[in-house]
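Using numbering that gives the first Met the number 0, read the sequence shown as starting at 0 and increasing by one per residue. Glycine included, every Cβ here is placed at the ideal spot set by N, Cα and C. Step one of this worksheet: look at the structure below.
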Amino acid sequence: MTSLMPEIDSVRAEFAPTISPRHRVVGEWATGVELSDVIGIAGLARRGRGIPIVRTAVRCGTDSIDYGEVFTKVDTPGAAAGPGIIGSCVRLLAALVACDGGPVRLGAGRRMSAAAVAAAVADRRAVAAERRCGPVDPALGSADVRLVVAPWGSPYLLVELLAALADGAALIVPTPAERGDPNALAELIATRSVTHVVAPPGALAGLPETGLPTVHRWDVIGTTCPPGLAERLRAVSPGAVASFGYGLADYAGAVARGPLDGTGRVRPIPGARVLVLDEYGRAVPPGTIGAVYAGGAALIEPDGAQADWSRFIPDPFPLEGIGSALCRTGERARWTPEGWLVFGDSEPHRVGRPTSDEILA
Numbered sequence: 000m001t002s003l004m005p006e007i008d009s010v011r012a013e014f015a016p017t018i019s020p021r022h023r024v025v026g027e028w029a030t031g032v033e034l035s036d037v038i039g040i041a042g043l044a045r046r047g048r049g050i051p052i053v054r055t056a057v058r059c060g061t062d063s064i065d066y067g068e069v070f071t072k073v074d075t076p077g078a079a080a081g082p083g084i085i086g087s088c089v090r091l092l093a094a095l096v097a098c099d100g101g102p103v104r105l106g107a108g109r110r111m112s113a114a115a116v117a118a119a120v121a122d123r124r125a126v127a128a129e130r131r132c133g134p135v136d137p138a139l140g141s142a143d144v145r146l147v148v149a150p151w152g153s154p155y156l157l158v159e160l161l162a163a164l165a166d167g168a169a170l171i172v173p174t175p176a177e178r179g180d181p182n183a184l185a186e187l188i189a190t191r192s193v194t195h196v197v198a199p200p201g202a203l204a205g206l207p208e209t210g211l212p213t214v215h216r217w218d219v220i221g222t223t224c225p226p227g228l229a230e231r232l233r234a235v236s237p238g239a240v241a242s243f244g245y246g247l248a249d250y251a252g253a254v255a256r257g258p259l260d261g262t263g264r265v266r267p268i269p270g271a272r273v274l275v276l277d278e279y280g281r282a283v284p285p286g287t288i289g290a291v292y293a294g295g296a297a298l299i300e301p302d303g304a305q306a307d308w309s310r311f312i313p314d315p316f317p318l319e320g321i322g323s324a325l326c327r328t329g330e331r332a333r334w335t336p337e338g339w340l341v342f343g344d345s346e347p348h349r350v351g352r353p354t355s356d357e358i359l360a
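Here it is in structure tokens:
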């Protein structure tokens, strides 16, 4: 019998849609898939209120606060949030809940909309769910213990807090001393049986080669993906998954994500947008290095008298449903023929302003 497959393949090739390189670099590759399961701030808080009140919500050093205390403070106008990192977490959360969908001012001429926070939280919850340590009882919440290496008042800290509360997880925030000491950080991870870690590469590069078997996922957030870090994390947590998230100080979460393999190759996450443009604002073809601009659902915008709009431009190729502003990152990158975004050229160098450790600040 004569096979019809060659004829079928010929017909498919004849009628297959032709996608131009330009369409890919300004559309398909440049834009993450549409956000799904985005829950508003009120809905996220409502989920947190349903978690048993005695469960630990946030822990930092010797201080901790349970779910009942968190929402009592959030729901009581004028209530003292408390000192230190936990107090900072509660104040950020209370400000966000009180804004009723409006923007939250972060100081230094920046603001973050409630929609941006919700978009970043949706991504963080989806990433955490990929390596959850067990099934979730809706009445009890997740058994995750998540650690985020970020200073007081950081937008990343607010996003991780909301994501953890909505899932019923415990959030561990290292003290400044623990953030700067790899041995102390490793001891904290082991002592608290941490399951998920979010940190810049500089905080993890010096981890001692001691086993951390409770960790199921490492999320490295920064501007560079250092070679050798994947091997170190694999050695201390053989069963864990590790990813690299390209982050910006002007975006409430990772803008793009890829494997932690030292290449730094990434693709935009859901809701994010990344363009590579030449000096005339034109999209460059695959293989050509250009300037990187980023925007999307979780963009942090300038605000007030101190606002600095000099690094922001209108999207030259706007898409429906995506934010119209882009931030000039100060970095250079190229698209590969497979649709990966790779920063810099063949010579290794730092990409990004500010540094990776400053991204989570």
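How many whole angstroms separate the CB atoms of residue i and residue j, which I take to be in contact at a CB cut-off of 8 Å?
i: V73; j: V89; result: 7 Å
i: V283; j: V291; result: Incorrect: roughly 11 Å between the Cβ atoms, too far for contact.
i: H195; j: A297; result: No, H195 and A297 are not in contact; Cβ-Cβ is about 19 Å, not under 8 Å.
i: L228; j: A204; result: 6 Å
i: T389; j: V235; result: Because the chain here runs from 0 to 360, residue 389 falls outside it and cannot be looked at.
i: G108; j: A306; result: 5 Å
i: P199; j: V147; result: Going by Cβ atoms, the distance from P199 to V147 rounds to 10 Å, so no, they are not a contact pair.
i: P285; j: T335; result: 6 Å
i: A239; j: H215; result: 6 Å
i: A293; j: L247; result: 6 Å
From the DSSP output, in three-state form, read off residue i for me.
i: F70; result: helix
i: I405; result: Nothing can be reported for residue 405, as the shown portion of the chain is limited to 0 through 360.
i: E300; result: strand
i: V32; result: coil
i: C88; result: helix
i: Y292; result: strand
i: G351; result: The predicted position of G351 is uncertain, since its pLDDT is 38 and thus under 50; a value taken from the coordinates is nonetheless stated next. DSSP places G351 in coil when its eight states are reduced to three.
i: I171; result: strand
i: I52; result: coil
i: A163; result: helix
i: A248; result: coil
i: A149; result: coil
i: G26; result: helix
i: A12; result: Because A12 sits at a pLDDT of 45, beneath the cut-off of 50, its placement in the model cannot be relied upon, and the following sentence gives the value as read from the coordinates. Helix, per DSSP.
i: G257; result: strand
i: E278; result: coil
i: E330; result: strand
i: P154; result: helix
i: V144; result: strand
i: A119; result: helix
i: E357; result: With a pLDDT of 48 at E357, under the threshold of 50, the modelled position of this residue cannot be trusted; read the value that follows with caution. It is helical.
i: R191; result: coil
i: A176; result: helix
i: A306; result: coil
i: A183; result: helix
i: V57; result: strand
i: L95; result: helix
i: R264; result: coil
i: L43; result: helix
i: V37; result: coil
i: V126; result: helix
With distances taken Cα to Cα, identify the nearest neighbour of residue i among the options.
i: S323; options: T213, P258, I312, V37; result: I312
i: P175; options: A248, W151, L164; result: W151
i: L170; options: T222, R256, I64, A306; result: I64
i: T30; options: L325, A271, A202; result: A271
i: P207; options: A185, P200, I38; result: A185
i: I299; options: L43, G49, I268, S112; result: S112
i: R327; options: G280, S242, V341, T335; result: G280
i: T287; options: G108, G42, V341; result: V341
i: A364; options: T71, V158, F316; result: The requested residue 364 does not occur in the structure, where the chain is confined to residues 0 to 360.
i: R110; options: T55, S153, G83; result: S153
i: R46; options: R23, G67, I220, N182; result: G67
i: S192; options: L211, P336, A97; result: L211
i: T55; options: L43, D36, V69; result: V69
i: A97; options: G49, A142, I40, V120; result: I40
i: G257; options: A251, D249, P269, A248; result: P269
i: S35; options: G329, V120, I220; result: V120
i: T75; options: A93, W339, P181; result: A93
i: I220; options: D143, A251, E177, P181; result: A251
i: V197; options: T190, N182, R178; result: R178
i: P173; options: S242, F316, A241, G83; result: G83
i: G26; options: G295, E330, D302; result: G295
i: G201; options: R231, L95, H215, A239; result: R231
i: G44; options: L95, A142, V24, H22; result: According to the sequence displayed, residue 44 carries Ala and not Gly. Cα-wise, what sits closest to A44 is L95.
i: G338; options: H22, W28, R21; result: W28
Which runs of the alpha helix (DSSP H) fall wholly inside the region 197-244 and span at least 4 residues, in chain order? The DSSP assignment places 200-203, 228-235 as complete runs of the alpha helix (DSSP H) inside the region 197-244, in order along the chain (cut-off: 4 residues).
Is the region 156-173 touching the region 113-129 in the sense that three or more CB pairs, one from each, lie closer than 8 Å? Proximity of the region 113-129 to the region 156-173 meets the contact definition, three or more beta-carbon pairs being nearer than 8 Å.
At least 3 beta-carbon pairs within less than 8 Å: the region 213-229 vs the region 259-269: With the rule of 3 Cβ pairs closer than 8 Å, the region 213-229 counts as touching the region 259-269.
Pairs of beta-carbons, one from the region 318-338 and one from the region 57-71, closer than 8 Å: are there three or more? For the pair of segments examined, the region 318-338 was found not to touch the region 57-71: the number of CB pairs separated by less than 8 Å stays below three.
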